[in-house]
Amino acid sequence: MEIPPRLAILVHVCRAVCFLLASSPGAAVAISPGHAELLQQGILAAYEAGQRSVVVPAGVYQVPRQANGPHLDLENLTNFEIDATGATFVFQDVTALGVNFVNCDKVTFQGATLYYATTPFSRA
């Protein structure tokens, strides 16, 4: 199936805009269940951009552990709201902390369902 010329041009323009946005300093990081590895970055990018809140879209997030730390490490946030209504976070490493709030003041985290991944073996 051949793509109509106008649609092909639109696709190229969209790719260029996405590349420019992704490479811009301070660019927003999209939060989506398909890219759970970017969840922490997306939350922190919203905070650093001066937003008072961030909405985590509904869906199931298979959240990987951060390097040598918890799954989500949120530090030094003030007057900020994380609305994760309808989102389920499945933490992939049962030996690591799920969400770590350090030195935060007046931070609200609401609506998420939190689980740890089930180990693929039984412990006898």
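Numbering (the numbering used here), first residue to last: -1 to 122.
Beta carbons are placed, not taken as given, at the ideal position from N, Cα and C, and that holds for glycine.
Let me make sure I understand the geometry here. Which of the options has the alpha-carbon closest to that of residue i?
| i | options | result |
| --- | --- | --- |
| Ala94 | Lys104, Val61 and Thr111 | Val61 |
| Phe107 | Ile80, Val58 and Thr86 | Ile80 |
Using the DSSP secondary-structure output, state which residues sit across from residue i in a beta bridge.
| i | result |
| --- | --- |
| Thr29 | According to the sequence displayed, residue 29 carries Ile and not Thr. Ile29 is not bridged to any residue. |
| Val88 | Gln60 and Tyr113 |
| Leu95 | Bridge partners of Leu95: none, in fact. |
| Thr76 | Asp103 |
With a threshold of 7 Å on Cβ separation, who are the neighbours of residue i within its own chain once the five nearest residues in sequence on each side are excluded?
| i | result |
| --- | --- |
| Val27 | Leu36, Gln39, Gly40 and Ala43 |
| Phe99 | Leu72 and Val105 |
| Arg50 | Asn77, Phe78 and Glu79 |
Identify, in the order they occur along the chain, each residue of the same chain with its Cβ nearer than 6 Å to the Cβ of residue i, setting aside the five sequence neighbours on each side.
| i | result |
| --- | --- |
| Ala110 | Ala82, Ala85 and Phe87 |
| Ala34 | Tyr59, Gln60 and Val61 |
| Gly24 | Caution is warranted here: a pLDDT of 48 is assigned to Gly24, below 50, making its placement in the model unreliable, and the coordinate value is therefore given only provisionally. If we look at Gly24 and ignore the five residues flanking it on each side, it has no Cβ neighbours. |
| Ala56 | Gly84 and Ala85 |
| Val125 | The structure shown has nothing for residue 125, since the chain only spans -1 to 122. |
| Tyr114 | Phe89 and Val92 |
| Val53 | Asp81 |
In chain order, what residues of the same chain have a beta carbon less than 8 Å from the beta carbon of residue i, not counting five sequence neighbours either side?
| i | result |
| --- | --- |
| Asn101 | Glu73 and Asn74 |
| Asp103 | Leu75, Thr76 and Asn77 |
Runs of beta strand (DSSP E) wholly within the segment 31 to 67 (minimum 3 residues, chain order): Within the segment 31 to 67, the complete beta strand (DSSP E) runs of at least 3 residues are 51 to 53 and 57 to 61.
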